[in-house]
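At position 321 of the sequence shown (counting the first as 1) the number is 338 in our numbering, and the numbers step up by one without a gap. For reference, the structure discussed in these notes is given below.
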Amino acid sequence: MKSTTLIYQLIQHYWARLSASDPGMPRLAEALKTVFSALLAVATTSVLINFFDIGEYTVQVNVFSGIIAVVCIHIIAEEPVDKRKVTFFSMGAVSFITFTLGSYLNQFMLMPDIAILITVFLAFYLSKYNTIYFSICLMAFFSIYYAVILRVEFEMVPWFYISIVNGLVYAFLIEFILLKDQPDKSLKRSMRSFHIQTNLILNLVKQLVTSPNLTSRQVKTLEKNLTKVNEYARHISGQLSNTDPSTVWKGLTARELRLYVYDADMLMNTLLTTVHKLREIQQFEKSTFQNALLEVIDAIRDVKVLRDNDAQSQLKRAEKALQVLRQEIKEESIGKENEEWLYLVRRIETITNHVIEGAYDLHRERQEHLKQVETYQETKEEVSHGIDLNTKKAIKALIAGTISIYLGYTLTPGYPYWILLTSFIIFMGTESVGKTFKKANQRILGTILGSIIGFGIADQISSQLLEITIIFVCIFMAFYIYPVSYSFMIFWITVIIAILYDLLLGGITVKIMGVRIIDTFIGSYIGFLTATFIFPTKTKDKVTDYMKEFIDELEAYMSSYMDQLADVSNPDDFAERSFNLDQKLDSIRQEKNNMNKRSGRLGRGGVEHWYTVLAAINYYAKQLHATRHPLPEMTEEIHQTLTHSHHYVTQNIRSLKQLLNGNTTITIWQLEEDRKLIEQFTDEGESIFQRLFVYKLYHVWYINNSIVTLAKELGANIELSSKQKQE
Numbered sequence: 018m019k020s021t022t023l024i025y026q027l028i029q030h031y032w033a034r035l036s037a038s039d040p041g042m043p044r045l046a047e048a049l050k051t052v053f054s055a056l057l058a059v060a061t062t063s064v065l066i067n068f069f070d071i072g073e074y075t076v077q078v079n080v081f082s083g084i085i086a087v088v089c090i091h092i093i094a095e096e097p098v099d100k101r102k103v104t105f106f107s108m109g110a111v112s113f114i115t116f117t118l119g120s121y122l123n124q125f126m127l128m129p130d131i132a133i134l135i136t137v138f139l140a141f142y143l144s145k146y147n148t149i150y151f152s153i154c155l156m157a158f159f160s161i162y163y164a165v166i167l168r169v170e171f172e173m174v175p176w177f178y179i180s181i182v183n184g185l186v187y188a189f190l191i192e193f194i195l196l197k198d199q200p201d202k203s204l205k206r207s208m209r210s211f212h213i214q215t216n217l218i219l220n221l222v223k224q225l226v227t228s229p230n231l232t233s234r235q236v237k238t239l240e241k242n243l244t245k246v247n248e249y250a251r252h253i254s255g256q257l258s259n260t261d262p263s264t265v266w267k268g269l270t271a272r273e274l275r276l277y278v279y280d281a282d283m284l285m286n287t288l289l290t291t292v293h294k295l296r297e298i299q300q301f302e303k304s305t306f307q308n309a310l311l312e313v314i315d316a317i318r319d320v321k322v323l324r325d326n327d328a329q330s331q332l333k334r335a336e337k338a339l340q341v342l343r344q345e346i347k348e349e350s351i352g353k354e355n356e357e358w359l360y361l362v363r364r365i366e367t368i369t370n371h372v373i374e375g376a377y378d379l380h381r382e383r384q385e386h387l388k389q390v391e392t393y394q395e396t397k398e399e400v401s402h403g404i405d406l407n408t409k410k411a412i413k414a415l416i417a418g419t420i421s422i423y424l425g426y427t428l429t430p431g432y433p434y435w436i437l438l439t440s441f442i443i444f445m446g447t448e449s450v451g452k453t454f455k456k457a458n459q460r461i462l463g464t465i466l467g468s469i470i471g472f473g474i475a476d477q478i479s480s481q482l483l484e485i486t487i488i489f490v491c492i493f494m495a496f497y498i499y500p501v502s503y504s505f506m507i508f509w510i511t512v513i514i515a516i517l518y519d520l521l522l523g524g525i526t527v528k529i530m531g532v533r534i535i536d537t538f539i540g541s542y543i544g545f546l547t548a549t550f551i552f553p554t555k556t557k558d559k560v561t562d563y564m565k566e567f568i569d570e571l572e573a574y575m576s577s578y579m580d581q582l583a584d585v586s587n588p589d590d591f592a593e594r595s596f597n598l599d600q601k602l603d604s605i606r607q608e609k610n611n612m613n614k615r616s617g618r619l620g621r622g623g624v625e626h627w628y629t630v631l632a633a634i635n636y637y638a639k640q641l642h643a644t645r646h647p648l649p650e651m652t653e654e655i656h657q658t659l660t661h662s663h664h665y666v667t668q669n670i671r672s673l674k675q676l677l678n679g680n681t682t683i684t685i686w687q688l689e690e691d692r693k694l695i696e697q698f699t700d701e702g703e704s705i706f707q708r709l710f711v712y713k714l715y716h717v718w719y720i721n722n723s724i725v726t727l728a729k730e731l732g733a734n735i736e737l738s739s740k741q742k743q744e
């Protein structure tokens with residue numbers, strides 16, 4: 018019985034993880050759109066041409082309809098809906114023209130190569146004006162490429178028009194009618210995934226509290242889940258920028274829901290760090306609040322504020338559990354020897370209270386059907402000087418494409434464009450040398466594994482129907498897994514290509530797959546070497562650019578928040594700003610991971626340490642808004658300290674950006690006098706609100722101290738601030 022229960026709990030745990038792994042299910046929706054559009058296009062084309070005898074072109078025409086459908090679904094996926102429909106008609110016209118052109122140019126030497134290179138250049142160059150042009154040029158590239166590699170005879174072109182029409186029609190039907198995007202349902206699914214993920218963390222935290230022995234695996238599992246819940250929270254915050262939550266939950270506004278998600282995210286973060294710290298000082302063995310804490314965790318886990326009409330009673334249970342924890346804290350508050358760990362528990366109590374209050378607000382406003390208040394966001398456009406990034410990438414792609422075609426004719430004349438295809442795709446979605454290198458290696462790995470499996474399938478299976486079925490399964494897997502792993506996506510794509518070669522060429526050999534692997538290797542490194550030596554964007558430079566964006570967001574956040582602390586009327590959506598900081602920090606993390614971990618390159622004085630300092634700044638900045646309470650009456654000395662800190666923190670943030678721009682004649686100011694006064698206020702604080710307010714000043718000092726640490730590494734002059742200097 019015990020083993021059965023254990024197995025059931027294990028299945029339940031991993032099913033919850035699987036359900037939460039795709040917040041809003043955009044990956045599933047995209048994969049299904051791709052499969053259905055390609056399947057319907059191929060099936061319809063097959064039925065239409067079945068009445069005619071077009072010989073060897075039968076399979077080629079069918080396959081091309083599927084390619085058109087897949088390309089249409091994916092190259093327009095990120096554009097607004099109104100632009101997508103315009104793009105569809107444009108892509109149809111372009112595909113007709115370029116496929117015809119490609120077939121016609123087959124009779125001339127070098128002309129197909131020139132046409133392909135022109136589309137490669139224009140795809141990147143014109144994208145600086147509008148992403149629609151990239152979509153159109155990409156369709157032109159695939160249309161010419163298909164006509165050229167198959168040497169389609171000009172008189173057979175009309176049959177391929179059937180493929181183009183079917184591919185476009187079914188992609189349009191799937192994208193805009195049958196499986197059209199539904200932002201409201203996606204938001205609802207995202208919130209469900211978020212709640213599942215938070216409940217997983219709460220269960221793991223319970224184990225952390227009750228388990229006598231803590232393994233490193235448990236800690237890593239918690240940290241991994243914590244990263245994921247923050248990712249889901251940022252995903253929801255992004256959805257709220259263009260989705261009205263009141264269409265799903267009557268009366269809710271984007272600001273209120275974002276604040277609720279922010280508080281829940283911060284509670285997960287606080288629980289992990291605080292419980293881990295309490296274990297280190299063995300406080301669970303010395304105090305009696307453990308059961309009260311576990312009851313709070315259980316009560317919070319069981320609240321279903323957006324999914325259950327009985328949320329009121331669930332919230333009352335959570336509030337009652339929190340009151341018990343408060344009473345335990347009160348009983349332990351006698352004596353300063355308990356101050357260290359009581360502060361940790363108070364952090365849990367305070368943020369839990371925010372979550373409960375936020376949940377009450379959401380539940381109440383759902384019942385009252387409040388009116389939606391619209392908010393508008395301003396966008397800033399930066400003016401660039403010199404050759405823009407799109408033009409640089411277009412030139413690099415043109416050079417890499419020219420080299421690829423030359424090597425293709427020289428090394429593998431039977432398949433001269435395979436190297437070109439790889440080098441072209443390597444440039445898509447890569448901006449730095451490190452990211453290009455990473456993508457090149459991932460593509461090689463995926464191609465090698467996919468070639469082995471694909472060759473095995475093609476060699477062992479003789480049924481065309483079964484091969485086609487496997488192709489559609491692989492299409493689903495490729496596009497479902499793509500946001501998670503580029504290597505696995507390439508693996509599935511390569512399996513598809515191997516089976517397609519078997520269908521299109523009448524068979525596949527080890528030699529063909531060997532050539533495919535070699536060409537992929539050559540094409541990948543042509544792309545990487547071109548990115549390295551032609552207009553290179555070093556990964557460290559890209560990290561620096563993202564750091565500047567983070568600092569800009571930090572300046573706006575801190576300036577607005579410090580005004581609020583000073584009781585200046587300055588309402589702001591700090592939850593949204595916090596998620597923006599998270600997003601900027603995540604961009605830095607992803608880019609710095611692309612750098613080679615060589616000695617001296619990512620040491621303590623390198624980018625890895627920069628990221629650690631910025632992560633600390635982000636943590637303290639989020640803690641500022643995590644604790645919200647009425648402002649206490651401030652003495653004149655506290656007010657002066659606040660004003661003094663505001664002035665120098667703002668100045669230091671701006672100076673840090675100048676340091677990143679290369680100006681090392683900068684002075685960064687330490688706030689040691691402020692720290693001493695803060696410590697004095699901590700001892701003298703009478704009310705809980707005054708103590709919490711002083712803790713906020715501590716966080717401001719920690720942020721400034723982190724800025725000083727980073728600025729010192731960048732070569733700034735560090736000086737003590739003058740306490741008399743005021744803004």
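The beta-carbon is built from N, C-alpha and C at its ideal position, and this holds for glycine as well.
DSSP beta-bridge partners of residue i
i: Asn13; result: Here the chain has residues from 18 to 744 only, and residue 13 is not among them.
Which listed residue (the options) has its alpha carbon closest to that of residue i
i: Gln344; options: Tyr665, Lys267 and Asn308; result: Asn308
i: Tyr279; options: Gln607, Gly623, Asp599 and Gln657; result: Asp599
i: Leu57; options: Thr104, Val182, Met128 and Ile525; result: Val182
i: Val490; options: Val501, Gly255, Ala592 and Thr511; result: Thr511
i: Ile487; options: Met285, Val341, Asn669 and Ile513; result: Ile513
i: Ile114; options: Tyr162, Val76 and Thr75; result: Tyr162
i: Leu310; options: Ser254, Ser662 and Asn220; result: Asn220
i: Trp509; options: Ile346, Arg275 and Gly471; result: Gly471
i: Arg363; options: Glu374, Ile373, Asp378 and Lys347; result: Lys347
i: Glu608; options: Asp569, Asp558 and Ser330; result: Asp558
i: Thr227; options: Tyr712, Ser604 and Val292; result: Val292
For residue i, three-class secondary structure by DSSP
i: Pro553; result: coil
i: Arg594; result: helix
i: Asp378; result: helix
i: Asp405; result: coil
i: Asp748; result: The shown model of the chain, from 18 to 744, leaves out residue 748, and the question about it has no answer.
i: Asp39; result: coil
i: Val182; result: helix
i: Tyr499; result: coil
i: Lys245; result: helix
Straight-line gap, residue i to residue j (C-alpha atoms, nearest Å)
i: Lys397; j: Ile469; result: A caution first: Lys397 carries a pLDDT of 43, below 50, which makes its placement in the model unreliable, though a value can still be read off. Looking at the two C-alpha atoms, the distance is approximately 49 angstroms.
i: Thr537; j: Leu139; result: 23 angstroms
i: Phe141; j: Pro430; result: 27 angstroms
i: Leu521; j: Asn230; result: 60 angstroms
i: Val169; j: His252; result: 45 angstroms
i: His371; j: Leu673; result: 33 angstroms
i: Leu143; j: Met445; result: 14 angstroms
i: Ser112; j: Phe158; result: 9 angstroms
i: Ala376; j: Thr260; result: 20 angstroms
i: Thr61; j: Val186; result: 11 angstroms
i: Gln640; j: Asn286; result: 10 angstroms
i: Lys410; j: Thr561; result: 20 angstroms
i: Lys223; j: Glu654; result: 43 angstroms
i: Thr75; j: Val64; result: 11 angstroms
i: Val450; j: Ile683; result: 30 angstroms
i: Val246; j: Ser541; result: 34 angstroms
i: Tyr499; j: Leu45; result: 11 angstroms
i: Phe455; j: Asn611; result: Here the sequence assigns Lys to residue 455, which means Phe is not the residue at that position. Cα-Cα distance, rounded: 6 angstroms.
i: Gly782; j: Tyr503; result: Residue numbering for the chain in the displayed model covers 18 to 744; residue 782 lies beyond these limits and cannot be assessed.
Short Cβ contact (9 angstroms threshold) for residue i with residue j
i: Leu676; j: Ala632; result: no
i: Ala515; j: Gly467; result: yes
i: Glu689; j: Leu659; result: no
i: Thr408; j: Ser421; result: no
i: Ile66; j: Ile191; result: no
i: Thr136; j: Ala86; result: no
i: Glu374; j: Ala338; result: no
Closer than 9 angstroms to chain C by CB, residue i
i: Arg594; result: No chain C appears in this structure, which consists of one protein chain only.
Cβ-heavy atom distance, residue i to the ligand PLP, below 8 angstroms
i: Leu631; result: As for the ligand PLP, it is missing from this structure, which has no ligand bound.
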